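Protein chains in written order, with the numbering used here: chain L, -5 to 302; chain F, 2 to 532; chain C, 5 to 359.
Where is the CB? At the ideal position from N, CA and C, for every residue including glycine.
Please read all numbers here as calculations on a predicted model, not as lab measurements.
Data block below; observations after.
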């Protein structure tokens, strides 16, 4: 079988878009908290929780959208708890994230079992799936139609969210204050901005956005919840954000890179090339990217100091 | 313009605008930073606040700006008594402050930094164009040459300062405090700043100008308040004073201590510093072509107002900072390229001025803090392992010798008082019988008992033929302990005195404050080897 | 006793108590027979010898990662690659256990050593990226975990895949490569001896050796250690290398002690468990067994509870999370401690004035 013939198909390009969608949400969540000067490893756990809550609430309310909404609210509440531990109890940033990840990794299974009696999957639940959308006109264009049309609505919402977060950070009063808090909390306090409050709001926003990503996983990508189903996508979101210079647009590019690698891995798994090799590439690229970008910015800083 | 002033305040020019009465502030560690200080500023004047470091002027300003609450005293602003409990309150009352270390975000534009917190908006959106317009017109009105849409990351120090001032003007503050604003500026930039400050004054703003540069104060200010050792030394019209008067008021000894210092012959040169140069991150020439020699059995004092390059000089000598150019010799050997461990092995000890960051590991025990510089010392165990018993006996011995007050050598250093902490540092640095000690502000902020002990220790070291470089802004210390003396001003050696006994404090003050400078030939005597 | 020591103990006990209380509260909420469940949970592991041995089995991997994290957290570079290092150590050891054919005893020793060395090298990568280039070690080490997992899987797939199984797993190890059972009728293997040795070695390194002293000072105040002439980079790297070694050895012992072939398909999670163990042990190797025992005990207790009642063992992860948050929270009892310290310090200072 020819590798090229597998990859350059509209179906493959559509897979990329599907794989990139949840990463975009995780990345946007990371961008917002990073801009507030917080490192939040717990994106992973809010995403996972969002995936579970979406399934549960949509089962109970018999409405996909209501379930989706309640999942977001649930994750905002969880983020309040994470923020409380970080900013009020002043827990160590990294340890706090690790703690909540451990907690929700088990916690989601615990809740799943309570509801379904199963620890692995939520197959038994009559959970709802968010709708797909066929874009009028475009769907009938060959190739392009297959690539861009017929995705879940959340995929299109992801594009809107990227723009939304971009505008929020760079065009609103809130965003301006958020960036000041993240960069120089003292300056923010001196002009009467409560930096703790801003950080808390950023946490909640991130929680809500990552929940959307989780819902995409469990109410679209597949139609059930599975333990540990986010599989480190929250971390990848963090890495994408860092790699993209904490901007929604740059981060989207990085997410796209990860999504592509994921899609290649899925497509190639039918071939003799170990799928792990392809899946591994984006992680390697991230490490290299991090090193290159930080060594460049470090050097730039130094050069400024040295010049005479 | 007159209308402008009327709009800003009902107070007429010349009325008392700010009045601080009987301000007393005692810090937690018992230091009396402000002792019954009175401070009055008139509407529309540029008022200088002068004093040496530690005189209490920054504490007074912290009280005014709400960073510290006074233990006693009242503040009256524009006729009303006020309580200022936070910078936020101060800003709301119309007080603005420009710190020496700017409070700006590098990744934001000048306009964004200025308006943030009270942004022009269209609903939730930040109206960037309008912000730029507002800032540009504000800058134009006062002749500030800045481009509002430029990122702060890309602008010069001087422009950062203007941004800070514009931030204050944007918030309609009428009282502007500038903390040593010229420290980071070139002479041309300083001239420009002064023009702008005069224009602000003409527009009815009141300015407090903190400085210890006499010539600048005389050029710019209307009146001056001088502080010394936490006390108010008087407020004067600039026109009534000469530079010498100011110097005399600022610099002086409070009490003359009797320190017993037997004569001791100087030996060979042990440390030689040759044409050191260093530029800081703002490109200020903080160490300017410094050369001098330190001999065995000599205490060489380094006097100067703080920030004249002492810190950088001592960090270059001890290896914490690489110089831009110049060399350091230890007993004739070039050690410029050597690392800290290597220099310490030669026999160099270092008492850093920043006890908390460099002097000790606060969470670790006294014992562990006493052995860090001899972690490779073969006397303390085998090649790989440390011998707890030997360390313990060394620690107990040092604690006794330097009378460190503690329950046991296991107590973490953070539980000690400042004086005892410093004793631990000094004990450690002297326990290795060094050939040279770089002692930077060894007695700052500690109790009298500890000061006395440290002075005695330094004199003892000198008798053991150790060369002591004593860097201090304490006049008593430098005049009583030093055999010879160099004076720093603005990163340069401006005076060298082979025999300190012939030097009066008044004379020293003139050099420290830059009113007097020796000829190059006289200064060059500092490098004369007398082997 | 020193105030800070006293407070450490109070904080630890209180954190555990609060976490257990939360867990018990949840059990009451969800269980039909809560009292029974709690009894199984708390006393289950000590009721039978075999269950107590289950605790020891569970402790084994935790000892290694706990030791690893107790060094990591003392270097001041928060490298989370322990997870991946544990995995790759196991995978490499598994690979060699299939391929090598050395005499008894020597064979597993060689496999474990190689696993340890590989773990060490892998742990150093994020650390070096941080020290040399300033790249955030947290993000890069999290990425490293996935890289190492996939690398391990690729190695198994390419070199020693068992073609007869549907799921990816290796060929069977050579018989002599497997670690022997230490306590008969249990699965407690000789890896326990290796762990015990490492506990002692790490403790000696940290508190007795010159390297350990230098690393502790670097972690405690890097400015101070630099000023004292200590090479910070070197001491951090030595600490990180040892931490990686522990993870690699741990993974190798786990694989060779419990399985006949390499079967892991995902990260086992012991690396993150190390965080809580090290926090409980105050980053002191000699206390790591206590932390590991605690975590293993509540895990086994929860397993028993799961089997006997309707409460699920994932409750443990909630306990774990709460304990980590409270132990790392500076504000948790922080003000009380500060007041006590200030009181003592002023008492000291007043004493100072008298002399």
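Below-8 Å beta-carbon distance, residue i vs any chain L residue
| i | result |
| --- | --- |
| residue 1 (chain F) | With chain F covering only 2 through 532, there is no way to say anything about residue 1 (chain F). |
| residue 96 (chain C) | no |
| residue 128 (chain C) | no |
| residue 88 (chain F) | yes |
| residue 2 (chain F) | With a pLDDT of only 37 at residue 2 (chain F), under 50, the local geometry of the prediction cannot be trusted, and the value read off the model is given with reservation. So no, residue 2 (chain F) is outside the interface. |
| residue 338 (chain F) | no |
| residue 185 (chain C) | no |
| residue 210 (chain F) | no |
| residue 327 (chain F) | no |
Rounded separation between residue i and residue j - CA only
| i | j | result |
| --- | --- | --- |
| residue 420 (chain F) | residue 447 (chain F) | 5 Å |
| residue 335 (chain F) | residue 434 (chain F) | 21 Å |
| residue 246 (chain L) | residue 144 (chain C) | 19 Å |
| residue 393 (chain F) | residue 194 (chain L) | 48 Å |
| residue 283 (chain L) | residue 92 (chain L) | 24 Å |
| residue 360 (chain F) | residue 226 (chain C) | 11 Å |
| residue 490 (chain F) | residue 511 (chain F) | 10 Å |
| residue 467 (chain F) | residue 493 (chain F) | 26 Å |
| residue 228 (chain F) | residue 175 (chain F) | 24 Å |
| residue 103 (chain C) | residue 172 (chain L) | 57 Å |
| residue 230 (chain C) | residue 321 (chain F) | 8 Å |
| residue 383 (chain F) | residue 410 (chain F) | 22 Å |
| residue 516 (chain F) | residue 346 (chain F) | 41 Å |
| residue 41 (chain C) | residue 10 (chain C) | 33 Å |
Beta carbon proximity, residue i to chain F, threshold 8 Å
| i | result |
| --- | --- |
| residue 238 (chain C) | no |
| residue 233 (chain C) | yes |
| residue 170 (chain L) | yes |
Extent of the continuous alpha helix (DSSP H) run through residue i
| i | result |
| --- | --- |
| residue 229 (chain C) | 226 to 231 |
| residue 325 (chain F) | From DSSP, residue 325 (chain F) is part of no alpha helix (DSSP H); its letter is neither H nor E. |
| residue 252 (chain L) | 242 to 262 |
| residue 250 (chain C) | 236 to 262 |
| residue 295 (chain C) | 292 to 312 |
| residue 551 (chain F) | Since the first residue of chain F shown is 2 and the last is 532, residue 551 (chain F) is not available in this structure. |
| residue 74 (chain L) | 58 to 77 |
First through last residue of the beta strand (DSSP E) which encompasses residue i
| i | result |
| --- | --- |
| residue 37 (chain F) | 33 to 43 |
| residue 300 (chain F) | 300 to 304 |
| residue 434 (chain F) | It is not in any beta strand (DSSP E) - residue 434 (chain F) carries neither H nor E in the DSSP assignment. |
| residue 133 (chain C) | Run containing residue 133 (chain C): none; DSSP gives neither H nor E here. |
| residue 350 (chain F) | 349 to 352 |
| residue 277 (chain F) | 270 to 280 |
| residue 485 (chain F) | 485 to 490 |
Counted within 10 angstroms of its Cβ, other Cβ atoms place residue i as buried (16 or more) or exposed
| i | result |
| --- | --- |
| residue 196 (chain C) | buried |
| residue 32 (chain L) | buried |
| residue 279 (chain F) | buried |
| residue 167 (chain F) | buried |
| residue 111 (chain L) | exposed |
| residue 339 (chain L) | Because chain L spans -5 through 302 in this model, residue 339 (chain L) falls outside it and cannot be assessed. |
| residue 47 (chain F) | buried |
| residue 335 (chain C) | exposed |
Proximity test, Cβ basis, 8 Å: residue i and chain C
| i | result |
| --- | --- |
| residue 56 (chain F) | no |
| residue 141 (chain F) | no |
| residue 28 (chain F) | no |
| residue 314 (chain F) | no |
| residue 60 (chain L) | no |
beta-carbon residue i near the ligand PLP non-hydrogen atom, thresh 7 Å
| i | result |
| --- | --- |
| residue 99 (chain C) | With respect to the ligand PLP, the structure shown offers nothing to examine, as it has no ligands at all. |
*Unbroken alpha helix (DSSP H) runs of length 4 or more, entirely within the segment 500 to 530 of chain F: which are they?*
Considered as a whole, the segment 500 to 530 of chain F harbours 506 to 513, 521 to 525 as its complete alpha helix (DSSP H) runs of no fewer than 4 residues, in chain order.
*At 4 residues or longer, and completely inside the segment 47 to 97 of chain C: list those alpha helix (DSSP H) runs for me, N to C.*
Within the segment 47 to 97 of chain C, the runs of alpha helix (DSSP H) at least 4 residues long that lie entirely inside it are, in chain order, 53 to 79.
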